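Numbering (UniProt numbering), first residue to last: 1 to 364. Ideal placement from N, C-alpha and C gives every residue a C-beta, glycine not left out. Being a predicted model, the structure only gives us computed values, none of them experimental. Inspection log for the structure reproduced underneath, given as structure tokens.
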Amino acid sequence: MNLSRNDAIIMQETLDSAISFLSRFRDTFTSTLRWHPLDPLWTNLHSNAPARPSRRWRLAKGLLILASLGAGSSAAASACEAPVAVQVLGSGGPEAQQERASAGYLMWLEGKARVLVDLGGGSFARYGASGARFADLELIALTHLHADHATDLPPLLKSGYFSPRNRALPIAGPTGGGDYPDLEGYLQGLFAAKTGAFGYLAGYLDGSDGLVRLKRHTLEADSQEPIPVLETDDYQVSAIGVSHGPVPALAYRIDVGEQRIVFSGDLNGDDPWFVDFARDADLMIMDHAVPEQAGAVAAGLHALPSEIAEIAKTAEVKHLVLSHLMRRSERALDDSLARIRAVYPGALSVASDLDCFGLEPRGR
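This is how it looks when you write it as structure tokens:
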């Protein structure tokens, strides 16, 4: 093919732009993977880059980027298919963000979604994308009753209309205080017959209308000792109170054999008992909503990066995942990661929606 000089320049600029876009997309897509299957080839390509890269070299780079996206997708899927895994449904907070739904997480066990922790705005759609089945759920665990953690509960339960489930569904949440109802008050406000916002779903409160009854567990948000929530043959769930300003709030822990998963929910770090609760966790999902320079109000609600680092280090957490990201915390993400890595020696990831984190058996 004979190209004029002008056509060749246009072709080269187009190829450069495409590679630049794909490269940024690859970096974003694989940012939470500690190792990428094609990293050796990527490193070799760059270490042997010519001073004036040819179109052939640029084409090779573009093809490698496309291949890495596929490999990264396979790696993520593989993590979600692990015997024990946590999937992020929503990695954001209360802001409307294009790529982040509000808080929500699934614990997968042998290919089935068993525990749902929080379900904020947008996370119901991610729940659908995850392939989770309503019939498989064994617990819904709400850390607190802020909108960005609990507002997608009604659509989830509405979806149960179309599920073959016929057994009760346990749901846990905090006691009330101040402007916040307890779990029972929240559910009555949503689903009570005639007076609830979604009274037509009242069957979830009393088992009528062919709906499964919610088995409610209201947990003391001031408790400094672990509270048993659910015990099955395969795992145990417990909760503990945490400080989130004036908001009654809980953290949850799931013990699957020797493996331990902790969800901090929103906390400000003023609860030393949480460290013992989280001790020796294989995976801890932690709220990272504010930068180190946060003002007094924000810092009274959320832990600073330096506090996150100290908690994870002292608790000897093996893998820390930062979630509940907001624009203010994302703008300072590099600074926050540097502060955390300076203190905390374990694996560190930043959550994105639909990420999966598989747990390795102890001893590996």
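Item	Value
Given that a residue counts as buried once 16 or more other Cβ atoms are within 10 Å of its Cβ, and exposed if not, what is Asp355?	buried
Tell me the residue span of the beta strand (DSSP E) that contains His144.	Careful: His144 lies outside any beta strand (DSSP E) and carries neither H nor E.
Helix, strand or coil, according to DSSP, for Glu231 in the structure here?	strand
Buried or exposed: which applies to Ser208, given that a residue is buried once 16 or more other Cβ atoms fall within 10 Å of its Cβ?	exposed
What is the DSSP secondary structure of Gly269, counted as helix, strand or coil?	coil
Along the alpha helix (DSSP H) that carries Thr175, what are the first and last residues, could you check?	That residue, Thr175, is in no alpha helix (DSSP H); it is neither H nor E in DSSP.
Hey, would you say Arg133 sits closer than 8 Å to Ala113, going by beta carbons?	yes
What residues match up with Lys215 in a beta bridge as DSSP calls it?	Pro170
To the nearest angstrom, how far is it from the Cα of Tyr186 to the Cα of Ile254?	24 Å
Measuring alpha carbon to alpha carbon, tell me which of Gly128, Tyr127, Gln259 and Val212 ends up nearest Tyr235.	Gln259
Rounded to the nearest angstrom, how far is the Cβ of Ala141 from that of Val237, given a contact under 8 Å?	7 Å
Going by DSSP in three states, Pro226 sits in which element: helix, strand or coil?	coil
Take the Cβ of Thr195 as the centre, count every other Cβ of all protein chains shown within 10 Å, and call the residue buried at 16 or more, exposed below.	exposed
So what does His302 bridge to, in DSSP terms?	The partner list for His302 (beta bridge, DSSP) is empty, contrary to what the question assumes.
Could you say which of Gly210, Gly178, Thr143 and Phe198 lies nearest to Pro164 if we only look at CA atoms?	Gly210
Do Leu183 and Gly173 have their C-beta atoms closer together than 8 Å?	yes
Would you report the Cα separation of His319 and Phe357, rounded to the nearest angstrom?	10 Å
Taking the alpha-carbon positions, what's the Arg213 to Pro170 distance?	8 Å
Among Tyr161, Val256, Ala103 and Ile227, which residue has its Cα nearest to the Cα of Glu110?	Val256
How far does the alpha helix (DSSP H) with Leu205 in it extend, from its first residue to its last?	Gly203 to Asp206
Expressed to the nearest angstrom, what Euclidean distance is found between the alpha-carbon atoms of Ala347 and Gly203?	44 Å
Ignore the nearest five residues each way along the sequence and tell me which others in Tyr200's own chain have a CB closer than 6 Å to its CB.	none
Which of the three DSSP states is assigned to Gly160 in this structure?	helix
Between the Cα of Asp118 and the Cα atoms of Ser91, Gly295 and Ala332, which residue gives the shortest distance?	Ser91
In this structure, how does DSSP classify Asp282 when only helix, strand and coil are distinguished?	coil
For Cys356, which residues does DSSP report across the bridge?	Gln87
For Ala197, which option in Ala315, Thr218, Leu153 and Val317 has the closest C-alpha, if you only look at C-alpha atoms?	Leu153
Please determine whether the Cβ atom of Phe198 lies at a distance below 7 Å from any heavy atom of the ligand MG.	This structure lacks the ligand MG; in fact it carries no ligand of any kind.
With a cut-off of 8 Å on the beta carbons, I'd call Thr232 and Glu138 a contact; round off their distance for me.	7 Å
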